[in-house]
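Residue numbers (full-length UniProt numbering): 1 to 298.
First the structure, in the form of structure tokens, and then the observations on it.
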Amino acid sequence: MGKIVSLINLKGGVGKTTTTVALAEFLTFEKKKKVLVIDLDPQTNATVMLINQEVWKEANDNKRTIHQMFLDKINNTQDFDIHKSIIKGVSSVGIGILNLDLLPSSIDLLDVQDRIPMINQLNNFAQSPITVLATYLTQQIIDKYDYILIDCPPNLGAITLNGIYLSDYYLIPVVADILSTYGIPQIKDRINKVSDNIKAINRAYDIKPLGIVITKYRTQSRMHRETRDDLILRSKLSETDKRHVPDVFRDYVKETTRISEATDIDVQISTLKQKYGYNQEIYDAFESITNEFIARVK
């Protein structure tokens with residue numbers, strides 16, 4: 001059965017989407033796993049890192065994005081077909097990675113996100129606003145994949161909670177500075193509260209924190225070093241302590257221009273080593289993070 005992991009941070013610009021895509025590519029290309037990326041973020045960054053704009057436009061014009069999925073529930077229509085919407089063999093590596101699929105997002109999601117919390121009032125049938133994705137992502141689809149990675153918006157609104165509702169784990173990418181790490185306890189507390197509410201309906205629900213991945217790390221920055229050390233210390237505190245944070249992954253991704261270059265879908269690349277740098281540093285970091293990811297997901 002496929003394991004579902006949501007990637008989330010309350011602050012943008014922390015490498016959340018880059019981590020999502022890199023994990024997906026390393027899991028499929030290097031570890032031979034089958035992976036589905038679900039882009040829940042209206043910014044569509046994961047989408048355009050995995051498919052070019054022409055492919056996205058065709059999907060968007062044909063109502064095959066996350067936007068249409070939510071719009072159907074708002075308008076009580078049936079235009080969205082998840083089987084037709086999942087794009088097979090995506091990525092800029094080669095001609096696409098055979099076992100890497102994408103359920104794309106759309107900028108149009110911005111137009112409906114404020115109405116999503118009212119879905120249970122807009123429909124003629126009872127539906128929680130946080131279970132929309134779950135009605136389409138059936139167990140049959142989940143079982144086709146080893147891992148499903150959900151790129152969530154930088155908030156804890158209804159769209160993000162659709163990902164949390166389905167997930168076995170959540171992973172928090174952060175930059176090692178005060179602003180990026182400040183919201184970690186809030187994420188943990190909010191997910192715990194949502195989890196308690198879901199358990200009242202589904203006793204089997206049991207989402208767990210997978211950990212913290214540090215990105216854009218500057219080894220020469222005292223703040224980055226001190227923040228990383230502080231996170232590691234706080235991860236060892238009792239879970240009842242308000243300062244407690246999930247475990248920090250052993251390796252980290254350094255800040256480098258190679259990362260921004262790797263996000264360009266229009267640059268055709270033959271291998272992941274070519275994409276993430278022949279100097280091995282970034283490649284080795286993501287490979288290490290991928291190995292630890294596999295070990296933590298049980």
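All residues carry an ideal CB built from backbone N, CA and C; glycine is no exception.
{"Asked": "Considering only residues of the stretch 158 to 183, which uninterrupted beta strand (DSSP E) runs meet the minimum length of 3 residues and lie entirely inside it, listed in chain order?", "Found": "169 to 175"}
{"Asked": "How would you call M223, buried or exposed, if buried means at least 16 neighbouring beta carbons within 10 angstroms?", "Found": "exposed"}
{"Asked": "Could you tell me if L10 is buried or exposed, where buried requires 16 or more neighbouring beta carbons within 10 angstroms of its beta carbon?", "Found": "buried"}
{"Asked": "When you compare the CB positions of I207 and D168, do they come within less than 8 Å of one another, or not?", "Found": "yes"}
{"Asked": "So D79 is in the alpha helix (DSSP H); what residue range does that whole segment cover?", "Found": "First-last for D79: undefined, no H or E at that position."}
{"Asked": "Can you look up I187 in the DSSP assignment and give me helix, strand or coil?", "Found": "helix"}
{"Asked": "Output the boundary residues of the alpha helix (DSSP H) element that contains V37.", "Found": "Taken as a continuous stretch (DSSP letters only), V37 belongs to no alpha helix (DSSP H), being part of the beta strand (DSSP E) at V35 to D39."}
{"Asked": "How about D189 and G2: do their beta carbons lie closer than 8 Å?", "Found": "no"}
{"Asked": "For G96, which residues in the same chain have their Cβ closer than 6 Å to its Cβ, ignoring the five residues on either side in sequence?", "Found": "G89 and V90"}
{"Asked": "Where does E25 land, buried or exposed, given buried means 16+ other C-beta within 10 angstroms?", "Found": "buried"}
{"Asked": "Output the boundary residues of the alpha helix (DSSP H) element that contains I282.", "Found": "E281 to R296"}
{"Asked": "Given that a residue counts as buried once 16 or more other Cβ atoms are within 10 Å of its Cβ, and exposed if not, what is G277?", "Found": "buried"}
{"Asked": "Mark H67 as exposed unless 16 or more other C-beta atoms lie within 10 angstroms of its C-beta, in which case mark it buried.", "Found": "buried"}
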